[in-house]
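If you count by numbering that gives the first Met the number 0, then the sequence shown holds residues 0 to 143, one letter each, in order.
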Amino acid sequence: MRLAIASDHGGFQLKSQLVGKLREAGHEVEDLGTHSAESTDYPDYAHTLARGVADGTWPRGILVCGTGVGMAIAANRHAGVRAVNCSDTYTARLSREHNDSNVLTVGERVLGPGLAWDVVSAWLEGTFEGGERHTRRVSKIEPR
Ligand code: RB5
């Protein structure tokens, strides 16, 4: 799958590990930074990635910060972006099957690298179920 990934300094280590594992697994990954542990502002990275998901540059994206929370809040300000902050595989999978989430956020200070990879894998493998019920609900997410 083609996807973008970004982090602030709080997610830099986990993001670097995920980039390696995603590429090893055959995904085409665009790494939007940050590229060091120097302090940065998470919204800068969230907005860059979310803009690209909203305009179709990348079908899906992954954001990493200390908790995943700030990244999700910022990414969800973009119309068409459905960002989910997940710390378990069930929520990650269901966010794809029922909510058609297109951005996953995870927290380096919350998850160890093993669980983070399981959460990312569950999210990547999850497929939107579609159907009238879920499609109708997802279409109602954007405020009218
Ligand atoms: C940075 O200290 C931290 O606030 C950030 O990585 C993130 O957890 C924000 O939600």
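The beta carbon of each residue, even a glycine, is placed where N, CA and C say it ideally should be.
Check: Taking the continuous beta strand (DSSP E) assigned at V102, which residues delimit it?
Finding: The residue given as residue 102 occupies position 103 in the sequence shown. For V102, the enclosing beta strand (DSSP E) begins and ends at 102 to 106.
Check: Can you give the Cα-Cα distance for V109 and G65, rounded to whole angstroms?
Finding: Here the question's residue 109 lines up with position 110 in the sequence shown. Here the question's residue 65 lines up with position 66 in the sequence shown. In this structure, the alpha-carbon of V109 lies about 7 Å from that of G65.
Notebook entry, point to check: By the 10 Å Cβ neighbour count, where 16 or more other Cβ atoms means buried, how is H34 classified, buried or exposed?
Noted result: Indexing the sequence shown from 1 puts residue 34 at position 35. H34 comes out exposed.
Check: What whole-angstrom Cβ distance do E131 and Q12 have, given they're in contact under 8 Å?
Finding: Locating residue 131 in the sequence shown gives position 132, where the first residue counts as 1. Locating residue 12 in the sequence shown gives position 13, where the first residue counts as 1. E131 to Q12, Cβ: 43 Å. No contact.
Margin query: Tell me the residue span of the alpha helix (DSSP H) that contains R81.
Written below: For the purposes of this step, residue 81 is taken as residue 82 along the sequence shown, with counting starting at 1. Counting along the chain, R81 falls outside any alpha helix (DSSP H), and DSSP gives it neither H nor E.
Margin query: For I61 and S138, what's the separation of their Cα atoms in angstroms?
Written below: Residue mapping note: residue 61 aligns to position 62 of the sequence shown, counting from 1. Residue mapping note: residue 138 aligns to position 139 of the sequence shown, counting from 1. Near 22 Å, if we compare the C-alpha coordinates of S138 and I61.
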